[in-house]
Structure formats: structure tokens, C-alpha cells
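Before any comments, here is the structure.
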Amino acid sequence: MSDRTIDRVAQATPVRVARKIRGLSDRAIAWIFISPTIFLLLAINIFPLIWTIQLSFTNYKANRIGREVKDVGFRNYERILTDSDTWLNMQATAHFLFWTIFFQVLIGFTLAWLINKKFKGNDLWTTIIVLPMMLSPAVVGNFWKFLYQPQIGLFNYIVSWFTGKDPSSFEMLGSVTLAPWAIVIVDTWMWTPFVMLICLAGLRSIPDYIYEAAEIDRASKLRQFFTITIPMVLPFLMLAVLFRGIENFKMFDLVVQLTGGGPGSVTELTSINLKREAFEKWRTGYASAYAIILFVTVFGLASIYVKALNKVKQR
Amino acid sequence: MTYSKLASASAIVLAATTLSTKAHAEDLTLCWAAWDPANALVELSKEFEAESGHTMNFEFVPWPNFADRMLNELNSGGKLCDLLIGDSQWIGGGAENGHYVKLNDFFDAEGISMDDFAPATVYAYSTWPKGTPNYYALPAMGDANGWFYRKDWFEDPEIQAAYKEATGQDLREPQSQKELLQIAQFFQGREIDGKTVYGAAIFTERGSEGITMGVTGALYPWGFKYENTPGSYDMEGAVNSPEAVEALEFYKEFYKTATPPGYTNSYMGESLDAFKSGQVAMAMNWFAFFPGLYADPNTGGDKIDFFVNPPQNQPGSTLGGQGISVVSYSDKQDAALEYIKWFANPEVQAKWWELGGYSAHNSVLEDPGFVDSQPFAGDFLEAMAGVQDFWQEPAYAELLLAMQKRIHDYVVADQGTAQEALDLLIEDWTEVFEDEGKL
Chain A
19 MSDRTIDRVA QATPVRVARK IRGLSDRAIA WIFISPTIFL LLAINIFPLI
69 WTIQLSFTNY KANRIGREVK DVGFRNYERI LTDSDTWLNM QATAHFLFWT
119 IFFQVLIGFT LAWLINKKFK GNDLWTTIIV LPMMLSPAVV GNFWKFLYQP
169 QIGLFNYIVS WFTGKDPSSF EMLGSVTLAP WAIVIVDTWM WTPFVMLICL
219 AGLRSIPDYI YEAAEIDRAS KLRQFFTITI PMVLPFLMLA VLFRGIENFK
269 MFDLVVQLTG GGPGSVTELT SINLKREAFE KWRTGYASAY AIILFVTVFG
319 LASIYVKALN KVKQR
Chain B
226 MTYSKLASAS AIVLAATTLS TKAHAEDLTL CWAAWDPANA LVELSKEFEA
276 ESGHTMNFEF VPWPNFADRM LNELNSGGKL CDLLIGDSQW IGGGAENGHY
326 VKLNDFFDAE GISMDDFAPA TVYAYSTWPK GTPNYYALPA MGDANGWFYR
376 KDWFEDPEIQ AAYKEATGQD LREPQSQKEL LQIAQFFQGR EIDGKTVYGA
426 AIFTERGSEG ITMGVTGALY PWGFKYENTP GSYDMEGAVN SPEAVEALEF
476 YKEFYKTATP PGYTNSYMGE SLDAFKSGQV AMAMNWFAFF PGLYADPNTG
526 GDKIDFFVNP PQNQPGSTLG GQGISVVSYS DKQDAALEYI KWFANPEVQA
576 KWWELGGYSA HNSVLEDPGF VDSQPFAGDF LEAMAGVQDF WQEPAYAELL
626 LAMQKRIHDY VVADQGTAQE ALDLLIEDWT EVFEDEGKL
């Protein structure tokens, strides 16, 4: 059938065009096909990146069109890296990143392991668990803001029920010590299902015969878990960590809705600070340098991580 | 035959006239914040539509996004707005970046005199460089940060007796900032009608301008100044003066001891909610909201009264309000200018006040009946006599966000001392002015 179609196409192709195409190598044809994509990639990703690098060495402000743009060398980079507030933002981001990934992996894997057991209502539970992931971050932020409200918030009342503390005696979003944990809780609630789904895919990809062989060898359940389940799910788990790591490094919407970066600046993640510099203060040159620093950081860390991931896969 | 020719000619002339009128009728878009006075302006503008034949469209943006949305629009040379009622702090950027049309020639040609408007509003909303006769806006909406309180609670004999017993003083509208705090602390956590109530709702918002607008309500009465000499950008000793440090410590004490729980990121909306839900005895907010508060069926009418921001070392209120400007990127500038001419008319200004807008026109403010026209009218006049505004520099956003950070870090996040917060603020502002080439 396909041969006939090819024949028909060949017959319908004008002789001149056919001659020209016949003259092109496979490689040339491949280039013709991918060139629109490459062009788009250059226009949308590479050109802005190069332009951002160029702007990062200037004092350019996008809201001051007529202002003279001066070359300031590495001054923007020097300012950012020597500013103690930058490091506080980095610390806040690192705290958020580490604990969200830790809890999401721990809870996500546990849930996947439980869901993977065959039981009645398995599919229904899976659907219920993945619901938070389907919501918009803006909705989740507003929704949890109410839950954390000291006077009427359900979260405070639940904590109060367990601890006997007055619900309005603590402020999840207003306390310097609790606010960084408040955003970790919400992100964990929202994105644990994502990690769970990836882990579930990993668990379901393990062939049953491996466990059957282990059973024959009289390996205990614990040993099976550590020598079969964990190693075989590890590449999936690492992939989930990579996705969540990249996503949470640029976390913005959820935290802005919840705390706006406050109280003070304790939940001001790097992306929030970058947005303030670029689109509220309009320090375009400075913000470009900031963006490049973040890009290099994420790119560097991700590259190291991907190498580690590949090694795990090869084992 | 002659009659038919005449009739045809008349029809053509009539059609041409109609078409020509339609060609001059424009669809104007006025941009402003989405709040009570904006609704009053829609109502008021119907008269303009009837008189001019132009159609008015409105783009109202909620306050938290107003600056972001509108400044992006201006910076990108957008044609969305023909007229913009922009915040007072934008005037420097609006003028220097060429976003606003300079109105001097138009005012001269149309006989519109800035002497007809309250001097404080002309200075704050219209001029750039500050105080010079270069006008980029017509004062549209006078405003300042004031206070309102539960009059019914203040007049309750039991509460009055309890206050007298606790403080040895009579419960009344506060005459100083310290008395304001004392009253708020008295109400904090008190049971009224079987419900726990709190002292006062103040501004603590971090993201846009909230905490700065709130804290300046304490800083100005203590005598805070931005510069030692106006125009010198010499801030050391002014911004971090002992009075400023004391005022900042006062605001933190107010936040810690006299506001509702969870009041860590609150601005206009939260203040109104706290008051209307019967949660607080007093609240700060812009005068623009006072007509709506007075009309509220639950907490308005006899239950509410208003007072100007209390003095301490001197009177002082934080300026709000806006001027109306013609956007230079608009293709309909002539029609937009027509609107400004109409709006400057004293009769329109009187109606503007009647509908709930705050006119800055002297004919309205100096009218003998003005003070008694609304329960807050006298306070408004008093407030406008002592207003101070934030920097109005083109780099105002950088200056504002630096203050938001330093003040929120100290007041809400408990970091450092008041002296350190103000010292760091001077460092931030110095850096901005150095970048601007002004230092």
C-alpha cells in the first residue's frame, strides 16, 4: 500500500523538482526539514540569550528609552555577587529547593509504592492524589493563604487540635521561622503527585520475573526492596528530582501568592528578586546579569546531575 | 425640478454634516485604578459623552497591579490609554520619559489656571521638576491617608469607663500618634458584643507600596525629611534622624501590639475588610474610601467617624491622589484634551465631589458648605494642608521598593534595629541616585 503511495507521489512530482531533489543528499534534506525549527530556536532562545549577556554589561533600563546606555564592565556581576541580600535570596531558594525535593521524593515514592500494590479502588485513589497537581499555582496559593489564616484558617485549627495551642497564636505566613516551611508544605502538597506518578511508572516497569527469581532465591522482602526495587526505580527517581529541581529553582507564582516574598525577605526566592529588579525597578542591565548568574548556576548543576543520572542508567 | 435638486443638495449636505460629526467623535479610553471613585467617574463622564459626542471607555486595574500594568503600558509606548489618572509618584517618570503631554500651552489657550486648584495638589500631581510651572497633569483626585473608627464603641459608656480606668484619660479621637497607639492597645484583644476585637488595621503590605504608605503616616508627624536641603539628595541625618528612628520604632510597636493576628501583608483591601467585619476599632486608609465606608449598612452611618492622621511633633499626612494626564502615544490627543478642559470646569468639579470623587478645585474646597457636606470633609481639608509625598523621581520605583524591603524587614520580620534599617535605606537610595547621575 505504502509502495503504491510512494509511486503515485513520484509520478505526480514534476520532473524538474524530482531532478533537483534527486541531487540532494539525505543530510541536505534533513537540514531542510529541521531548519525552520533551528531558526525558531535561534530567534526565541539563542538570540535573547546573547542579547541578555550583552545587556548584562550595561546600565540599560528598559523604561528609560532616551537614557544613554553605558558599558559598565563587570560592575553588575560584582554588585550582585557582593550583595549580602543576593546570598540571603540564594539561601532561601536552597532551603526551599532542598526540603521540597526531600519531602516530595519521600512521600511521592511511598505513595507510589502503596498505589502499586493491587487493591480495590486503586485507580480512584490515584486520581484523587493527583488532583492538586492539576490546579493552577495561583489558585493553590490563594487557597492555602486562607488555610493558613490565623483566625479562621483550617490549618491553624488542625495544628491547634493536635497541640492544644491557640490557633491565632502562630502565623504560618507572618512568622520569620514558619514562613519558609509554609511554602515548602504547599509546594509538597501540590507536586508530590508528580513525583509519585514518575515513581509509579518506574515501579511498573520492573518485570515480575525478577521478583519471582528473588523469591526462589529466598530473598526477604526487605532485601528485594533494596536490591531490586530501589536500584531499578532510581533512574526514574533521579529524573523526577531533576524536573522538580529545575521547576523549583524558578519558583515564582505560588510563593508570590502566598507570601509575596515576606515577611521581610525570608521567602524572597531568587526568581522573585529577579522579577522585582527587571520589571518593577526596571534595572534591565543589572537584572540581565542576575539572570545570567542564575542560568549558569542551574545549567552547571543540571549538567553535573545529568552525568550522574547517565551513570546510574548505565549500571 | 429645482425643488428636487434643492432637496438632493440638502440631503447631501445633511449627510456630509452627519458624517463629519461622526468622524470627529472619538472612542476615548481612560485608565485608572479599580476602586470606588472610578465608579463615580464613570457616572460623571456620561455628561461629557452627551456634550461632546465622544464615547468614553474605561480601563480600571486593581490597585495591587495598577502600577505594574500601567507603567508597562507607558514604557512600551502602548496606545491603550488616551487619558491616564496616574499615581502622583509617576509624574517625574511620566515627564522625563515623554509619556505625558506637557499641558502648559493647552492650559494657557483654554484659560485653565493652576491657581484655581489647591496648591498642595498642583505641586504633587501636576508639576515636574517639582514646584516649577511645568504641568503634566490636572489635579483629578485629592487624597491622603486618614483614619476611621467605631464611633459606637467609642461612645459606649462601659467602654469609656474601662478606658478611663485603664489610662486615666477620656476615650476620644486621638490627638497624637502616641494617644492613637494607646487607644489601639486598649482595644487589642478586648471582648465586645461577645467577639474578640483588635486595636487597628494598619498598612504592612510588602509587594507594592503598602508598608511605605503606612509607615510614612508615623514618620511625617515625627518630622521625617527625605533630604536636609530639598533637591540636594543629602539624606544622611534626615532620613535616619533620631526622630525618624523613634517614629519607625513606634510603627513597629503599633504593629506588634495593636493589630489583628496574621496582619503581616495587608493594605487597602485588608484594612477595609477588618473594619467592615467588626474586627478592629480603628483603621487607616485613603480618604477615597470614606464615602463608601460611611454608606456601609453594617458599620457606616452612626457607627463610624473619621479623623485626620494625628500629629506628634508636627502635623503630617501621607499624600495619595492623582492627576489626570494625556498620554503622548495616544492618537486622540485632541479629544483627550477636550475631556481635561471639561473636567476642569468648576461645575463638573462640584458634581465630582457630590458623586464621591475628591475634587481639588478651590471653588469646591473653599465653598462655605464644603466642611459640612460630608462627615469627613473637614478632616480631608485638614489632611491636605499637611500632606507630604514620597520621592517623585523618575527612579521612584527603585526608591520605593528599597524602602518596602528595609521597613518590612525591620517591622514585620524583626530584623535589625530601626537605626540600621534607615541607614541601609540611605545606602540603597544613594546607590539609586548615583546610578541616576544625581550624586
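Chains A and B supply the protein sequences, listed in that same order. So in the working numbering, the last spot in the first sequence is 333, and the numbers never skip. So in the working numbering, the last spot in the second sequence is 664, and the numbers never skip. Glycine included, C-beta positions come from ideal geometry on N, C-alpha and C. The structure displayed is predicted, hence computed values, not measured ones.
- Cα atoms of L363(B) and Y325(B): separation of roughly 11 angstroms, rounded to the nearest angstrom.
- Spatial neighbours of D205(A) in its own chain (CB-CB distance under 6 angstroms, excluding positions within 5 residues in sequence) are listed in chain order as T118.
- The three-state secondary structure of Q558(B), taken from DSSP, is helix.
- Rounded to the nearest whole angstrom, the CA to CA distance from K576(B) to F605(B) is 17 angstroms.
- Here Q167(A) is buried, its C-beta having at least 16 other C-beta atoms within 10 Å.
- Three or more pairs of CB atoms, one per stretch, sit closer than 8 angstroms, so the segment 413 to 425 of chain B contacts the segment 501 to 511 of chain B.
- Taking C-beta atoms under 8 angstroms as the contact rule, G545(B) and D368(B) qualify, at a distance of about 3 angstroms.
- Of the residues assessed, F500(B) falls on the buried side of the cut-off, its CB having 16 or more other CB atoms within 10 angstroms.
- Under the DSSP assignment, L106(A) falls in the alpha helix (DSSP H) whose first and last residues are 102 to 134.
- Distance check between D333(B) and each of L562(B), Q400(B), M609(B), A483(B) places L562(B) closest, using alpha-carbon atoms only.
- R431(B) has a beta carbon lying within less than 8 angstroms of a beta carbon in chain A.
- Listed along the chain, the chain A residues whose CB falls inside 9 angstroms of the CB of V637(B) are G192, V194, G280, P281, G282.
- Taking the Cβ atoms as the reference, I436(B) lies roughly 7 angstroms from V636(B), within the contact range of under 8 angstroms.
- Here the C-alpha atom of Q613(B) lies approximately 18 angstroms from the C-alpha atom of L626(B).
- Look at Y480(B) here: in three-state DSSP terms it is helix.
- By the rule that beta-carbons nearer than 8 angstroms mark a contact, W209(A) does not touch chain B.
- Inclusion of G303(A) and S74(A) in the CB contact set at 8 angstroms is warranted, their separation being smaller than that value.
- For E335(B), no chain A residue has a C-beta closer than 8 angstroms to its own C-beta; the minimum C-beta separation is roughly 29 angstroms.
- Under DSSP, the beta-bridge partners assigned to R415(B) are V422(B).
- DSSP, reduced to helix, strand and coil, places N264(B) within a helical segment of the structure shown.
- Judged by DSSP secondary structure, M190(A) falls outside any beta strand (DSSP E); it is assigned neither H nor E.
- Taken through DSSP and simplified to helix, strand or coil, E265(A) comes out as helix.
- Taking a cut-off of 8 angstroms for Cβ pairs, the segment 393 to 407 of chain B and the segment 450 to 465 of chain B do not touch, as fewer than three such pairs fall below it.
- Chain-ordered listing is empty here: chain A has no CB closer than 9 angstroms to the CB of N359(B), the nearest sitting near 17 angstroms.
- I529(B) is positioned such that its CB atom lies no closer than 8 angstroms to that of F379(B).
- Contact annotation: R82(A) and N322(B) have beta-carbon atoms nearer than 8 angstroms.
- With a cutoff of 8 angstroms on beta-carbon distance, Q275(A) and N160(A) are scored as near each other.
- Contact check between the segment 250 to 268 of chain A and the segment 211 to 224 of chain A: three or more CB pairs, one atom from each, fall below 8 angstroms, which counts as touching.
- Bounds of the beta strand (DSSP E) holding A365(B) are 363 to 366.
- Shown here, C306(B) sits in coil according to DSSP, grouped into three states, outside any helix or strand.
- Interface criterion met: the Cβ of I83(A) is under 8 angstroms from a Cβ in chain B.
- Counting only runs of 3+ residues, the beta strand (DSSP E) found wholly inside the segment 481 to 520 of chain B occupies 505 to 511, in chain order.
- Non-local C-beta neighbours of F514(B) in its own chain, meaning closer than 8 angstroms and more than five positions away in sequence, comprise W260, D261, M493, L497, ordered along the chain.
- Near chain A, meaning a CB-to-CB distance below 9 angstroms, the residues of the segment 466 to 495 of chain B are P485, P486, G487, Y488, T489, N490.
- The residue among F283(B), G393(B), V267(B) with its C-alpha nearest the C-alpha of D252(B) is F283(B).
- Listed as beta-bridge partners of M281(B) by DSSP are L253(B).
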